[in-house]
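Using my numbering, the letters of the sequence shown correspond one by one to residues 2 to 184.
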Amino acid sequence: METTPRPAAAELIFRDATEADVAALVELIESAYRGDSSRSGWTTEADILEGQRTDPEGVLDVIKSPDSRLLTVERDGVLVACCQLERRGEAAYFGMFAVRPDAQGGGLGKVIIAEAERMVREVWGASEMHMTVISVRDDLIAWYERRGYRRTGRMTPFPYGDERFGVPQRDDLEFELLVKALG
């Protein structure tokens with residue numbers, strides 16, 4: 002399903018990911034968060050986590066899930082971003098958000114999250130958007146707070162020992178739930 006973005010995003014195409022997108026999506030997500038390539042953007046986790054951020058199976062699971070959508074965002078035919086939207090009752094979950102490092106810092110993330118919020122509100126009737134963020138990522142949490150998300154103080158342990166989520170370089174990692182009302 003393609004959507005018509007708002008004028009600020011006129012050059013962007015939002016569409017649901019397909020199985021044919023899996024390899025490109027894994028590469029995008031890895032480049033935004035892990036390894037040396039991620040250091041050219043501001044969302045890098047390279048100093049706190051090594052190893053993978055996701056894998057083809059995880060991406061495919063999201064694509065195939067009946068309660069999820071994995072949106073791809075293209076500009077001029079090039080994949081520049083993605084995000085997962087998952088229906089969870091009255092709320093929607095926002096995850097797997099990645100913007101190419103060379104496209105970060107120019108307002109693209111703001112446009113994408115606004116479109117994601119609009120979609121879950123209008124298509125699913127969601128009243129809230131939820132997400133989890135690694136609690137030591139103060140810069141990232143501040144970015145979401147500027148978009149109206151609030152910290153809840155509700156923490157979930159990091160899955161230490163499960164290398165599907167990376168290899169932690171610190172022993173104090175946990176996820177914090179952030180929430181935004183979608184009035």
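Glycine included, C-beta positions come from ideal geometry on N, C-alpha and C.
Owing to the predicted nature of the structure, the values given are computational and were not obtained by experimental measurement.
PHE176 is positioned such that its CB atom lies closer than 8 Å to that of VAL134.
Measuring C-alpha to C-alpha distances from PHE98 to each of TYR34, ASP173, LEU174 identifies TYR34 as the nearest. For the pair VAL112 and LEU13, the CB atoms are nearer than the 8 Å cut-off.
Of all C-beta pairs linking the region 100-109 to the region 122-136, fewer than three are shorter than 8 Å, placing the two stretches out of contact. Annotation for ARG155: LEU178 place their beta carbon closer than 6 Å to its own, counting only its chain and skipping 5 residues before and after.
Under the DSSP assignment, VAL137 falls outside any alpha helix (DSSP H); it carries neither an H nor an E label.
Taking the Cα positions, ARG152 is about 16 Å away from ALA92. According to DSSP, residue pairing for GLY96 in a beta bridge involves GLN85. For VAL81, the CB contacts under 6 Å within the same chain, skipping 5 residues up- and downstream, are VAL74, ARG101, ALA104 in chain order. Taking C-beta separations shorter than 8 Å and ignoring five residues to either side along the sequence, the partners of ASP68 in its chain run GLU87, ARG88, ARG89, following chain order.
If only complete runs of 3 or more residues are kept, the region 108-149 shows the beta strand (DSSP E) at 129-135, in order along the chain. For GLU51, DSSP records a beta bridge to VAL168. Looking at the DSSP output, ALA182 sits in a beta bridge with GLU129. Out of VAL124, ASP140, LEU72, the CA that lies nearest to the CA of ILE114 is found in LEU72. DSSP places LEU80 within a strand segment (E or B) once states are collapsed to three.
At the C-beta level, VAL137 and ILE49 come within 8 Å of one another. Under DSSP, ARG152 shares a beta bridge with LEU179.
Counting the other CB atoms within 10 Å of its CB gives THR55 a total of 16 or more, which places it among the buried residues.
Around the CB of SER66, fewer than 16 other CB atoms lie within 10 Å, so the residue is classed as exposed. A residue is called buried when at least 16 other Cβ atoms come within 10 angstroms of its Cβ; GLN85 meets this threshold and is buried.
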